[in-house]
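Here's the structure we're looking at; comments come further down.
Number of protein chains: 2
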Amino acid sequence: MSDELDPSAKKLALRAINYGLHVLTATDGKEYGAGGVNWITQASFEPPLVVAAVKADSGSAAIIASTEAFAVNVLGADQLDIGKAFFRSTTMEDGELNGHPFEAGPVTGSPLLTETPYWFECRVTDTVARGDHTIFVGQVVSAGVRDEGSAPLLLRDTGMNYGG
Amino acid sequence: MSDELDPSAKKLALRAINYGLHVLTATDGKEYGAGGVNWITQASFEPPLVVAAVKADSGSAAIIASTEAFAVNVLGADQLDIGKAFFRSTTMEDGELNGHPFEAGPVTGSPLLTETPYWFECRVTDTVARGDHTIFVGQVVSAGVRDEGSAPLLLRDTGMNYGG
Chain G
1 MSDELDPSAK
11 KLALRAINYG
21 LHVLTATDGK
31 EYGAGGVNWI
41 TQASFEPPLV
51 VAAVKADSGS
61 AAIIASTEAF
71 AVNVLGADQL
81 DIGKAFFRST
91 TMEDGELNGH
101 PFEAGPVTGS
111 PLLTETPYWF
121 ECRVTDTVAR
131 GDHTIFVGQV
141 VSAGVRDEGS
151 APLLLRDTGM
161 NYGG
Chain R
165 MSDELDPSAK
175 KLALRAINYG
185 LHVLTATDGK
195 EYGAGGVNWI
205 TQASFEPPLV
215 VAAVKADSGS
225 AAIIASTEAF
235 AVNVLGADQL
245 DIGKAFFRST
255 TMEDGELNGH
265 PFEAGPVTGS
275 PLLTETPYWF
285 ECRVTDTVAR
295 GDHTIFVGQV
305 VSAGVRDEGS
315 APLLLRDTGM
325 NYGG
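Going line by line, the protein sequences match chains G and R.
Anchor point for the first sequence: position 94 equals 94 in the numbering used here, and the numbering is continuous, going up by one each time.
Each position in the second sequence, counted from 1, maps to that position plus 164 in the numbering used here.
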């Protein structure tokens with residue numbers, strides 16, 4: 001075995017991690033950031049912590065850095081179309097975010113998409129800015145279920161991937 | 165909507181995050197730590213970073229804190245039995261880790277299970293010790309594929325979960 005990092009093996013091994021797909025949102029009350037994000041994991045039960053890695057040069061990362069808050073909207077298995085709407089730049093028109101309705105999260109005000117089955121809001125406790133994505137550690141301060149029993153979308157099932 | 169954190173909604177929303185199942189391993193050359201871990205995500209392409217949340221009071225977390233290295237072995241879809249073997253205390257007998265063969269990782273020496281389809285080794289770059297699991301950020305320094313095309317195990321498919 002080589003002690004070099006083989007780019008091809010790295011890609012395949014990292015793409016073997018399973019992910020869902022989520023729309024991560026943030027706002028400072030003036031600007032909005034919203035993007036499809038799969039690099040998310042829980043990281044503690046008590047306190048309830050999650051980790052989200054957000055493109056470092058994105059509008060969302062800039063807003064989160066200033067507000068220290070974000071929300072995660074978990075897409076259901078049949079909601080890839082919603083996810084795809086958030087692979088492009090954030091728009092706010094006619095009170096909709098990238099064409100989708102939302103309401104303000106009860107604790108942080110972060111946008112909650114009203115069509116997705118699960119959501120949670122977080123307050124940032126720690127930030128690691130080391131790579132091309134900023135790692136935000138967030139404490140879950142509010143959560144909700146709009147469609148209990150809905151199966152979350154599995155990124156692998158879409159034929160897409162983001163990783164490697 | 166209430167501005168309280170509803171424990172039931174929190175549980176359901178956090179369990180909606182999709183995960184694989186992995187055996188995370190570490191050694192200081194004398195003691196070995198190995199455990200089934202699902203709270204793992206990539207967190208940067210360049211440098212290639214991953215985040216793993218490891219039970220703070222575990223032997224593995226203690227070893228990683230001292231060696232600043234670990235490996236992740238990604239289980240294949242038909243390898244739940246291997247995962248279950250690492251839900252108990254770590255044993256090293258007859259040159260096997262919890263009854264499974266391994267070899268030393270080429271860069272960090274962390275144990276690599278020879279039966280699993282994908283693996284990567286990491287050097288810890290950052291640590292966040294805030295909750296009941298320690299968040300290790302690791303740079304991928306070596307990776308391998310033993311069974312290309314093997315589908316990784318999806319935790320949801322096992323009927324088990326760890327989160328909420």
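Glycine is no exception: its CB is placed at the ideal position from the N, C-alpha and C atoms.
Because the structure is a prediction, the values reported are computed rather than measured.
Below 8 angstroms, how does it come out for the stretch 38 to 55 of chain G and the stretch 2 to 12 of chain G: are there three or more Cβ pairs, yes or no?
no
With 9 angstroms as the C-beta to C-beta threshold (strictly closer), list the residues of the stretch 84 to 103 of chain G near chain R in chain order.
E103
Could you check which residue in A65(G), A151(G), D157(G), L5(G) has the C-alpha nearest to that of V137(G)?
A65(G)
What do you get for S110(G), buried or exposed, if any count of 16 or more other CB atoms within 10 angstroms of its CB means buried?
buried
Under 8 angstroms, with one C-beta from each stretch per pair, do the stretch 219 to 239 of chain R and the stretch 190 to 206 of chain R reach the 3-pair mark?
yes
With distance defined between alpha-carbon atoms, name the residue in F266(R), N182(R), A220(R), D192(R) nearest to T41(G).
N182(R)
Tell me the DSSP secondary structure of A233(R) in three-state form.
strand
Please list the segments of the beta strand (DSSP E) lying wholly inside the stretch 264 to 327 of chain R, counting only runs of 3 or more residues, in order along the chain.
264 to 268, 275 to 277, 282 to 292, 297 to 309
Would A235(R) be called buried (16 or more neighbouring beta carbons within 10 Å of its own) or exposed?
buried
Could you say if the stretch 244 to 253 of chain R and the stretch 285 to 293 of chain R meet the contact criterion of at least three C-beta pairs nearer than 8 angstroms?
no
Just the chain R side, please: which residues come within less than 7 angstroms of I82(G) by C-beta, in chain order?
Ordered by position in chain R, no residue passes the 7 angstroms Cβ test against I82(G), which lies about 15 angstroms from the chain.
Between which two residues does the beta strand (DSSP E) carrying A180(R) extend?
First-last for A180(R): undefined, no H or E at that position.
Leaving out five residues on either side along the sequence, give the residues of the same chain with a beta carbon under 6 angstroms from the beta carbon of G328(R).
K175, L178, R179
Which residues in the same chain have their Cβ closer than 8 angstroms to the Cβ of S248(G), if we skip the five residues on either side of it in sequence?
This structure gives no information on residue 248(G), because the portion of chain G shown stretches from 1 to 164.
Of the choices F266(R), E279(R), A315(R), Q303(R), whose alpha-carbon is the least far from that of T191(R)?
F266(R)
Under a CB-based cut-off of 9 angstroms, is A9(G) close to chain R?
Closer than 9 angstroms: yes.
Skipping 5 residues on each side, what residues in its chain have a beta carbon closer than 7 angstroms to that of K84(G)?
none
Whose C-beta lies closer than 8 angstroms to the C-beta of D321(R) among residues of the same chain, with five residues either side of it excluded?
A241
Which residues, in chain order, does the stretch 134 to 148 of chain G contribute to contact with chain R at a C-beta distance below 8 angstroms?
I135, V137, V140, V141, S142, A143, G144, V145, E148
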